[in-house]
Amino acid sequence: MAASKFASNQFTIFALLFTVLFLVLFGIFGRYSGESLPNGTPDFARVSRDYPLLHDTHGFVLIGLGFLVAFLRRYGFSALAINLLLVAFVLEWGLIIRGFLSPEFSQHSFFSVGLKEIAKADYTAAAVLISYGALVGKLSPIQYLFLAFLETPLSIVNEFILFGLLGVGDVGGSIVVHLFGAVFGLAVARIVFKPSQIQSEHQGSIYHSDIFSFVGTVFLWAFWPSFNSIFALSAAEQQRAIITTFLALLGSTVTTFLFSQLLNKEKRFNFKHIASATLSGGVATGAVATLVLSPLAALLIGVVAAIISVLGFNIITPLLAHKLGVHDTRGVFSLHGLPGIVGGLASVILLFLTPTEVFGETIRNIYPFHKTDSKDGRTPAEQALFQLAGLGITILFALVTGVITGVILRLKIWRQVREKENYSDTDFFDVPEDFDFTTRVTSHIERVELTEHTERTKLTNNEYTN
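Residue numbers for the sequence shown follow the UniProt record's numbering, beginning at 1 and rising by one.
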């Protein structure tokens, strides 16, 4: 009985402990940034520029990534609510971890909280939410909370290795956000895998839940240029990042429709492709958003990313689940992981194709260790090797730390999701009285009623094709 009581109350216990811990740490070490204090000297132009981008980034993680995982017909409450919980938790924890690692803390024993710091914490939240997409429906709230608690500092450490030590360029997070989050999530998914996760009757979507999820796609599509440009260091670079991301999204969207129908035997569009692979251009341009100087290059990156993403959904995601026991609920590897690799490789290729001397001294805004006319440093070929190294280190670091995190989350001390309630709200949320009818019974009725119609449609299409 005692163990059962602990299992029932462990989320409350640990959420309370984390809340007290965060209050103490912010109380002792946290300060508002100097610009926001009464005697500060705020730059209104900078605030007017930064806050809209920060607002869009919040929309990216809260609405975009939140609604994107709301496709499961019996997991709508959890998908959206746990997403909000993780965003709030990671923002708090991320601000603290980044604060402790900041030069300001080493010099003055306190850290600042300002718009820039919140935006960086948003990037960490995005990485955690991408991992959440691979695991959605399989873990309990306390397991998700500890996933965020463990992944947040690991994501920041990986970022420090790539940016601080290697000087990798990745302004929009193709590597440190999307690739890291996807690989980390898959590693955890492999460790917590159970055959019932594939066999569960609750795993699928219904017509309306897919439409609901598509709201996330539209918001991500609209906000991605802000996500990729918020950390650009000059107005020209910020504008370039916005244009590059926008053009890549155009390329990936049209190409997704093209290849979705091309690879379908009945020549129909696969809505999973449309809701996911259309965004691959935004993922892939993160590593090169400020480097691209040609509309052709931006469009081409989007086209290649979409092709790889669609093929990933058709081939790699099913292969991982059925052959390797890596069940990816939302297909984050095909949406975030593979396009993240495309972005990393694009940063290597463009270093050989782009005359970096045209950037002058500003090339160091993109690659801080690159040589300029006035400063010695890396050649484009040397920087390309560091970009490749960053790609490999991120994959390896995410795999190893993801496996360790999965082992911790699988411990019997945590409250587990009952196998028959995978992808269902019923164990952790008060659900309305019509929950079973609208999410289970209705879906079965729809299948029965539509079977005959679908078969007739296939016969008609076959007659038309022949």
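By construction, the Cβ of each residue, glycine as well, lies at the ideal position given by its N, Cα and C atoms.
Note that the structure is predicted; figures quoted are calculated from it, not measured.
What is the DSSP secondary structure of residue i, counted as helix, strand or coil?
i, result
"Y132", "helix"
"S309", "helix"
"Y144", "helix"
"H370", "strand"
"S112", "strand"
"R378", "strand"
"S234", "coil"
"A81", "helix"
"H178", "helix"
"G173", "coil"
"H202", "coil"
"N264", "coil"
"Q416", "coil"
"K272", "helix"
"V20", "helix"
"Y123", "helix"
"A222", "helix"
"T152", "helix"
"Y75", "coil"
"Y423", "coil"
"R410", "coil"
"residue 475", "The shown model of the chain, from 1 to 466, leaves out residue 475, and the question about it has no answer."
"N39", "coil"
"K5", "helix"
"Q10", "helix"
"A70", "coil"
"F193", "coil"
"S280", "helix"
"L139", "coil"
"F100", "helix"
"D50", "helix"
"L247", "helix"
"L186", "helix"
"E92", "helix"
"D210", "helix"
On a CA-only basis, which of the options is nearest residue i? Give me that one, please.
i, options, result
"N158", "Y132, L396, G406 and L85", "L396"
"A119", "G173, S131 and A134", "G173"
"F11", "V215, L147 and T245", "L147"
"V348", "L391, S374, S112 and G40", "L391"
"K138", "L154, S424 and P432", "S424"
"F227", "A284, I198, S213 and I413", "A284"
"Y132", "G331, L166, L25 and S229", "G331"
"E104", "I307, I308 and Y32", "Y32"
"R240", "L388, A298 and T57", "A298"
"G66", "H336, I341 and S78", "S78"
"L80", "R73, L91 and L62", "L62"
"G164", "G402, N314, P368 and F18", "P368"
"L166", "R418, V431, L399 and L385", "L385"
"N365", "L411, Q197 and L291", "L291"
"residue 533", "R73, I142 and P195", "There is no way to answer for residue 533, as the model of the chain reaches only from 1 to 466."
"P380", "F352, P38 and I156", "F352"
"F26", "F333, I315, G286 and L91", "L91"
"T244", "I274, Q238 and A289", "A289"
"G340", "Q238, R74 and G181", "G181"
"H108", "K375, F29, T253 and G59", "F29"
"L54", "I206, V20, F223 and E266", "F223"
"T57", "S102, F110, R46 and L115", "L115"
"F193", "E419, P432 and F428", "E419"
"D170", "S260, Q387 and L411", "Q387"
"I13", "Y207, P141, L319 and T317", "P141"
"A235", "D50, L16, L17 and A287", "D50"
On the DSSP bridge assignment, give the partners of residue i in chain order.
i, result
"Y32", "V113"
Are any of the Cβ atoms in chain B nearer than 9 Å to that of residue i?
i, result
"V183", "The displayed structure is made up of one protein chain only, and chain B is not part of it."
*asked:* So within the segment 283-367, which uninterrupted alpha helix (DSSP H) runs reach at least 4 residues, ignoring any that extend past its ends?
replied: 295-311, 317-324, 338-353 and 363-366
*Between the segment 281-299 and the segment 246-258, do three or more beta carbon pairs fall short of 8 Å?*
yes
*Could you say if the segment 117-131 and the segment 98-105 meet the contact criterion of at least three C-beta pairs nearer than 8 Å?*
yes
*Below 8 Å, can you find three or more Cβ-Cβ pairs linking the segment 162-181 to the segment 298-315?*
no
*Given 8 Å, three or more beta-carbon pairs between the segment 189-201 and the segment 338-348*: Using a C-beta cut-off of 8 Å, the segment 189-201 makes no contact with the segment 338-348, since fewer than three inter-stretch Cβ pairs fall below that distance.
*Between the segment 352-362 and the segment 370-378, are three or more C-beta pairs nearer than 8 Å?*
yes
*asked:* So, does the segment 398-410 touch the segment 179-189, judging by three or more C-beta pairs under 8 Å?
replied: yes
*Quick check: the segment 267-279 against the segment 230-238, are there 3 or more CB pairs under 8 Å?*
no
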